[in-house]
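Chains as they are written, first to last, in my numbering: chain A, 1 to 429; chain B, 430 to 650. Positions of the beta carbon are idealized from the N, C-alpha and C atoms, including for glycine. Since the structure comes first, as structure tokens, the remarks are kept for the end.
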Amino acid sequence: MAERLVLSLEEVPAVAGKVNVYVRGEEARVRVEFGAVQEPRFFERSLKGRPVTQVPWVMSRICGVCSVAHLTCSIEAIERALGLEPEPEVRLLREVAKGIEILQNNFVHVLMAIPDFTGLSNVVEFSKRYPKIFSEMISINKSVLGVSNRVCGRFIHMPSLGVAEHGKPISGSELEAAAKELEGVGQRMRDLAAELSELWRSPAEGFRDPAPTYCVLDAAGDEYPFFSERLRFSDGTVVEAGSYKEAIEELKSPYSNAHYTLYKGSPFYVGSRARLQAYARMLPPEVRELEGALRMDPANPFDNVAAQYIETAWLSEVLSGMLRELAPSIRKAAEFRALKDVPAASGEGVGLATAPRGVLIHHYRVVNGRLDYANIITPTVMNARHIEVSGEALIRWARERGLHDEWQLKGLVAALVRAYDPCLPCSVH
Amino acid sequence: MPKVKIDGRVVEVEPGTTVLAAAEKAGVRIPRLCVVPGLYEGSSCRVCLVKTPAGRLFPACNYRVYRDEEFVATSPDLWEMRRVNFELLLAFHRIECWQCERKGACSLVSLAKELGVEGIPVCSECPLPPSECLLRRGILCLGMITLAGCEAECVAGGGECWGCRGPITRADVLERAFKRYSELGFDVTSVVSKAEIFWNSLDSFGVVKSVAGRASGGGRG
Ligand code: SF4
Ligand code: SF4
Ligand code: FES
């Protein structure tokens, strides 16, 4: 039977990068194709032969939105490959940098996706209808960016981060001030949630994830895993970083430049929703309450947006705690920039980082201090197939509920894609 | 008292006031370099040029008004003349901002920015005093050979300059920079390798490579 093109979204608004979503097929056999429009940029191949110290700075350019994720994951991979151990303070500041990015990216995405949860057509409309909430959100974002400038020099392509180093000298009192600012952010987000609660409506309440497997970084104890040496899947499987290829199969999409991945032959998802489920035990009670305020259903892929909000509030507490802990002993910071020469050694290493949108993998082989091989798997690549199966299930679910209007179906699929917060530049690195 | 009209704004001034002072009173900005009012008014830089509506040119810093007169202080041709005058002066200046204590407080640098003259390195905006230059700590910073304009954001933020604003193309500045790199133990190849990241596809990178080639004793370039 020839396929009938049912819906085509040439571009999903409020998504980082351009994406095509085609929904093909008849009622019962609908098929969703999620594809990036961008051309690949060959980051992995073009850096072959370059000194490894240059690699993170270039890799961070894979994405301007989550540059810190690529920068730090790249640094981690190099440190593993060369057996370098950063000083504990350097590691902590790197985790703070990573955390600030997750927090900020999540928060901005909530703002981008908020029309879907308030029945409005776009953010401008939202800002006009709810100017107080909107300006509070903008102001929270500003506070977060202020903290990142203070601790890491700049929010995008943070100049202070490097292999085994943190270049920006920072005083204990500056760290205290940053901690205080973030604490304030946590409180403001909880206050804001009370107001949002009145408006917040899921676009597809009761819709369930057809493929409930997820993947996160394995947390050591009760610490938020900004970085880790292991992956953890929701079926309990734990995979060492070096064996990621045994668990995650990376395949080329037949209809786009992007790749997609499978775990045990099936799609899985990554991101805030996965993290909140996996690390639920670590959530402080006042943050847990936000789940009620936003009526979060962890089994509903749309609720990744609510999860992002909740994780943001949580991270502001985690990070302010870390900064407070760091403040008294930070005197050494000015000397962090001591590492002059990264040894011209050889080795192989896999960096795992929690990027805002999910698990990020940078895998490098270094020969005599130069990059010899690189493989990068980004969260959007991991989510790609999951978006498709969820989309297919969503259309069936909506039709069962009598929704046949093409325009409305399109809107619903677009909202679903947005809820995953996909980043297309990342997926075609 | 004479009335002076500058860019359409009229002010009354004491007889003998300079056009520069009158312009200041009228809120019209005229760039200047050499003048130190009351101390040096020799009009040697010609950066403060203004003109009459008929097109006669004067240096605003020492032309004095005794009767009602009108001047133009803002026009594309004036800016172009000021820029050329300044570039000629700058050509004789030994640009070595990395060694200079004045850094951001330098009037040459601020004038270059005001007039849109390129060729000043990132070091001019660097927050670190020369004694704390990253190069002295073995960190390869491209600030010496990179065009200023970013307020040395990366150095201020705890990193080094990677050259994202593009290369300086003035050969004498590049020569001194490469001399400094080798004095501090950086080999030319590593500087060029780092510069390649942002500059590889720029024509102007050719100038840097040829100076680098000469600095390393031939070979490259
Ligand atoms: S640290 Fe870099 S920008 Fe600053 S003076 Fe030294 S070379 Fe120039
Ligand atoms: S890399 Fe770019 S922004 Fe950073 S200091 Fe150099 S020129 Fe300025
Ligand atoms: S300021 Fe130099 S000529 Fe007027």
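Within the same chain, and ignoring the five residues on either side of V413/A in sequence, the residues whose Cβ sits closer than 8 Å to its Cβ are L7, L9, V21, V23, V32, G391, L394, I395. Those residues whose C-beta sits under 6 Å from the nearest heavy atom of ligand 2 are, from N- to C-terminal order along the chain, V551/B, T575/B, C579/B, A581/B, E582/B, C583/B, V584/B, C590/B, W591/B, G592/B, C593/B, R594/B.
Three or more beta-carbon pairs separated by less than 8 Å are not found between the region 232-241 of chain A and the region 285-301 of chain A, which leaves the two stretches without contact. Within chain B, the residues G586, G587, G588 have their CB atoms less than 7 Å from the CB of S160/A, given in chain order. For the C-beta of E582/B, the chain A residues within less than 9 Å are, from N- to C-terminus, G153, R154, P159. Counting only Cβ-Cβ distances below 9 Å, P51/A has contacts in chain B at S619, S622, K623, in chain order. Contacts between I524/B and chain A, judged by CB atoms closer than 9 Å, are missing: the closest CB pair is about 24 Å apart.
A194/A sits in a helix when the DSSP states are folded into three classes.
If only uninterrupted alpha helix (DSSP H) runs of at least 4 residues are considered, those enclosed by the region 304-384 of chain A are 304-326.
For M573/B, the Cβ falls inside the 8 Å cut-off from some heavy atom of ligand 1. At a cut-off of 9 Å between beta carbons, W508/B makes no contact with chain A.
Looking at D222/A, E181/A, M59/A, the one whose alpha-carbon comes closest to that of V428/A is M59/A. N149/A has a beta carbon lying within less than 9 Å of a beta carbon in chain B.
Using a Cβ-Cβ cut-off of 7 Å, G167/A is close to G587, G588 of chain B, given in chain order. Within the model, the alpha-carbon separation for A455/B versus A577/B is close to 32 Å. Burial check for Q528/B: the Cβ neighbour count within 10 Å stays below 16, so the residue is exposed.
Taking C-alpha positions only, I387/A is separated from L315/A by approximately 26 Å.
Contact between V216/A and R230/A fails: their C-beta atoms lie close to 10 Å from each other, not under 8 Å. The C-beta distance from L563/B to K623/B rounds to 13 Å, too long to meet the 8 Å contact threshold.
Using a Cβ distance threshold of 9 Å, E498/B and V602/B do not count as a contacting pair.
Along the region 626-637 of chain B, the positions whose C-beta sits under 7 Å from a C-beta of chain A are I626, read in chain order. Taken through DSSP and simplified to helix, strand or coil, C583/B comes out as helix. For V238/A, the enclosing beta strand (DSSP E) stretches over residues 238-240. For N122/A and P115/A, the gap between their C-alpha atoms comes out near 5 Å. Rounded to whole angstroms, the separation of the alpha carbons of L47/A and R94/A is 23 Å.
With the criterion set as a beta carbon lying under 8 Å from some beta carbon of chain B, the members of the region 55-89 of chain A are W57, V58, in sequence order. Between the region 371-390 of chain A and the region 204-223 of chain A, the count of Cβ pairs shorter than 8 Å is three or higher; the stretches touch. Membership of E406/A in the alpha helix (DSSP H) is indicated by the continuous run 406-419. The region 593-607 of chain B makes contact with the region 547-564 of chain B; the number of CB pairs closer than 8 Å reaches 3 or more. Around the Cβ of M430/B, a 10 Å sphere holds fewer than 16 other Cβ atoms; the residue is exposed.
Following the DSSP letters along the chain, one finds T118/A inside the alpha helix (DSSP H) bounded by residues 88-118. Take the alpha-carbon of V350/A and the one of H70/A: they are about 13 Å apart. Its chain contains A164, E165, H166, F336 as the residues whose beta carbon lies nearer than 7 Å to that of V90/A, once the 5 sequence neighbours on both sides are disregarded; these appear in chain order. S160/A places its beta carbon less than 9 Å from that of A97/A. Neighbours of W527/B across chain A, judged by C-beta separation under 7 Å, do not exist; the nearest C-beta is about 18 Å away. Ranked by Cα distance from T503/B, the first of A452/B, A541/B, R496/B is A452/B.
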